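Position in the sequence shown counted from 1, then plus 1, gives you my numbering.
Note that CB positions come from ideal geometry on N, CA and C, so glycine has one too.
Small disclaimer: the values here were computed from a predicted structure and weren't measured.
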Amino acid sequence: MNCVLLAAVAARAGSWTARATLDADTVVDGVMRASASGQLEFVPRSGYGRGVGEWVDRSGEDEGQLFEGKLQLFLYEAREAPDAPTELLLLGVRSPSGELHCCVFAAEGEKLQRGMLVGLLLASPHSSRSLKLRQVRAHAAFPPFEFDEHPPLPPLSWEEHRVGKLESVFYIPEFLTPREEKAIDEQIRASPPELWRQMAGRRVQECGSCMAPSGAGLLLEELPPWMQRVCERLILLGVFPPSMPPNSVALNEYAATEGIAAHADGPVYAPRVAVISLFSPAVFRFYGSQPELEERIEWDPETDTPAHRVEGPPVESLLLRPRSLLLFCGTAFREHCHEVAAVPDGSEVLGDAAPLVNGHLAGACEGERIVRSRRVSLTVRHLLEFLLAPEAYTDSASR
Ligand SMILES: O=C(O)CCC(=O)C(=O)O
Ligand SMILES: [Fe+2]
Numbered sequence: 002m003n004c005v006l007l008a009a010v011a012a013r014a015g016s017w018t019a020r021a022t023l024d025a026d027t028v029v030d031g032v033m034r035a036s037a038s039g040q041l042e043f044v045p046r047s048g049y050g051r052g053v054g055e056w057v058d059r060s061g062e063d064e065g066q067l068f069e070g071k072l073q074l075f076l077y078e079a080r081e082a083p084d085a086p087t088e089l090l091l092l093g094v095r096s097p098s099g100e101l102h103c104c105v106f107a108a109e110g111e112k113l114q115r116g117m118l119v120g121l122l123l124a125s126p127h128s129s130r131s132l133k134l135r136q137v138r139a140h141a142a143f144p145p146f147e148f149d150e151h152p153p154l155p156p157l158s159w160e161e162h163r164v165g166k167l168e169s170v171f172y173i174p175e176f177l178t179p180r181e182e183k184a185i186d187e188q189i190r191a192s193p194p195e196l197w198r199q200m201a202g203r204r205v206q207e208c209g210s211c212m213a214p215s216g217a218g219l220l221l222e223e224l225p226p227w228m229q230r231v232c233e234r235l236i237l238l239g240v241f242p243p244s245m246p247p248n249s250v251a252l253n254e255y256a257a258t259e260g261i262a263a264h265a266d267g268p269v270y271a272p273r274v275a276v277i278s279l280f281s282p283a284v285f286r287f288y289g290s291q292p293e294l295e296e297r298i299e300w301d302p303e304t305d306t307p308a309h310r311v312e313g314p315p316v317e318s319l320l321l322r323p324r325s326l327l328l329f330c331g332t333a334f335r336e337h338c339h340e341v342a343a344v345p346d347g348s349e350v351l352g353d354a355a356p357l358v359n360g361h362l363a364g365a366c367e368g369e370r371i372v373r374s375r376r377v378s379l380t381v382r383h384l385l386e387f388l389l390a391p392e393a394y395t396d397s398a399s400r
């Protein structure tokens, strides 16, 4: 009996070449995989990105083939990534020969029909390319790491955490517990020396990618296990959508007087960054909008940041307390430079250079002096696939 049931479930799993017409301008074409455990994955035939989601059988008692799915698509061409993925609902039937015919609806609002998806069953479930993760031998040196046991985490109420006038800037105090902060410190202190690089005004571990030996682009690397846990939590809390998962983490360590010069992180990442602060407070400042920043990808060897020159004074400032999370997306990421200024005496006055926009969430007022000590920040981003070498994929022949 069990075998029959299993066979029935497995029959609904499979791989299809799928073509979806979402509207007059948007046709997506690729391979869709449905697993027996209810996962959906979409891999575009050309271009970059992924779709991830879930499906459930809605056939009821009959041997019908009705199913419902949710699919989050983050698809793009080189350097043309959208700010956020598209969320879709699928309602489909499977013909006796295995073909899929789905109506596609917008996931939000009035559930308007967005288009159709037609899928042709593929014989091999492995006929789409996947990303390879290079293992890093030095990671074996890290001690085990676990987050504190939490009750199930409630979804973050983003609007309560939105700050300032720029698009999509959020500040979440006490994102980590003091015990978690201490456990992360133990991981940082156990880091193998070869992972550190001295840069202007800070010591850095750049994790998640490396140059391919062929020089034809980057390879993705495993993150240290503790950073991987942090990234999983960021997905769980909705800080990163699952189709745009964090795959690049910069761990910056600053002495009390050090900082990072004004820069924008650049078009090699999806326009979204989470900054987790540890051990010391610091003031983080945004500069005015410079729409042309998006195009520049040169590196400044003097500041060890992307080479951007700001125009005018900073426009907003935030106090980043230890254990807090700062998230900024969209134009705040693409068009506004940010900095943590170097301060010669290791202290700074809130609001001295630009209005403080998160005082109510950080429990602070303009005019207060804060004293810095050793500070670590985790800068978490999604590196875009257009930078990857052909060897970064399992099936490089198909690219
Ligand atoms: O340390 C910080 O808060 C900011 C770091 C940063 O801007 C970066 O790593 O790009
Ligand atoms: Fe940055």
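C-beta atoms of residue i and residue j nearer than 8 Å
| i | j | result |
| --- | --- | --- |
| LEU219 | ALA82 | no |
| PRO45 | LEU76 | yes |
| PHE334 | PRO272 | yes |
| CYS232 | PRO243 | no |
| LYS71 | ALA108 | yes |
| ILE261 | ARG203 | yes |
| GLU367 | GLY352 | yes |
| ARG382 | SER249 | yes |
| VAL375 | ALA256 | One detail in the question is off: residue 375 reads as Arg in this sequence, not Val. Contact: yes. |
| VAL29 | ALA21 | yes |
| ARG370 | VAL350 | yes |
| VAL316 | PHE280 | no |
| VAL311 | ALA263 | yes |
| ALA265 | CYS211 | no |
| LEU401 | LEU118 | Outside the modelled stretch of the chain, which goes from 2 to 400, sits residue 401, for which no answer is possible. |
| LEU67 | GLY99 | no |
| LEU101 | TRP17 | yes |
| ALA423 | GLY120 | Past the boundaries of the shown model lies residue 423; the chain is included only from 2 to 400, so the question cannot be answered. |
| GLU336 | LEU362 | no |
Own chain partners of residue i with C-beta closer than 6 Å, once the 5 adjacent residues on each side are dropped
| i | result |
| --- | --- |
| ASP301 | ALA308 |
| ALA14 | ALA35, SER36 and ALA37 |
| VAL276 | LEU327, SER378 and THR380 |
| VAL57 | GLU69 |
| GLY313 | GLY289 |
| GLY360 | CYS366 |
| LEU389 | GLY218 and LEU219 |
| THR178 | ASP149 |
| GLU207 | ALA251 |
| ILE298 | GLY267 |
| ARG180 | ASP149 |
| THR87 | LEU74 |
| VAL164 | VAL170, TYR172, VAL358 and ASN359 |
Residue i, enclosing beta strand (DSSP E) - first and last residue
| i | result |
| --- | --- |
| ASP58 | 49-58 |
| PHE43 | 40-45 |
| LEU91 | 87-95 |
| HIS309 | Per DSSP, HIS309 belongs to no beta strand (DSSP E) and is neither H nor E. |
| MET431 | What the structure shows of the chain is the stretch from 2 to 400, and residue 431 is not part of that stretch, so it cannot be assessed. |
| GLN66 | No beta strand (DSSP E) holds GLN66; DSSP gives it neither H nor E. |
| VAL231 | Looking at the DSSP string, VAL231 is not in any beta strand (DSSP E); the run it does join, the alpha helix (DSSP H), is 226-237. |
| ASN253 | 249-255 |
| PHE106 | 101-107 |
| GLU349 | 348-350 |
| GLY31 | 27-35 |
| TYR172 | 170-173 |
Enclosing alpha helix (DSSP H) for residue i [first to last residue]
| i | result |
| --- | --- |
| SER18 | According to the sequence as given, residue 18 is Thr; it is not Ser. Not the alpha helix (DSSP H): THR18 falls in the beta strand (DSSP E), residues 15-24. |
| GLY331 | 331-335 |
| GLY289 | Careful: GLY289 lies outside any alpha helix (DSSP H), inside the beta strand (DSSP E) at 283-290. |
| ARG180 | 179-190 |
| CYS366 | Neither: CYS366 is in no alpha helix (DSSP H) and is coded neither H nor E. |
| GLU160 | 159-162 |
Residues near residue i by beta carbon distance below 7 Å, same chain, minus five either side
| i | result |
| --- | --- |
| TRP227 | PHE143, PHE146, ILE185 and GLN188 |
| LEU157 | ILE173, LEU238 and GLY239 |
| SER169 | PHE329, CYS330, GLY331 and ALA333 |
| GLY209 | LEU221, GLU222, LEU224, ASN248, SER249, VAL250 and LEU384 |
| MET200 | ASP305 |
| GLY116 | ALA21, THR22, LEU23, ASP24 and VAL105 |
| THR395 | ARG130, SER131 and LYS133 |
| GLU259 | GLY202, ARG203 and ALA343 |
| PHE387 | TYR49, ALA79 and ARG80 |
| VAL372 | GLY347 and SER348 |
Cut-off 8 Å between Cβ atoms - residues of its own chain near residue i, not counting five sequence neighbours on either side
| i | result |
| --- | --- |
| LEU235 | PHE241, PRO247, ALA275 and VAL381 |
| ARG230 | PHE146, GLU147 and PHE148 |
| LEU113 | PHE106 and ALA107 |
| SER318 | VAL284, PHE285, ARG286, PHE287, LEU351, GLY352, ALA354, ALA355, PRO356, LEU357 and VAL358 |
Any non-hydrogen atom of ligand 4 closer than 7 Å to residue i Cβ
| i | result |
| --- | --- |
| THR332 | Because ligand 4 does not appear in the structure shown, any question about it cannot be addressed here, the ligands present being ligand 1 and ligand 2. |
Query raised in the report: Is there contact here, the stretch 232-240 with the stretch 130-142, by at least three beta-carbon pairs under 8 Å?
Result: The stretch 232-240, when compared against the stretch 130-142, does not touch it at the 8 Å Cβ threshold.
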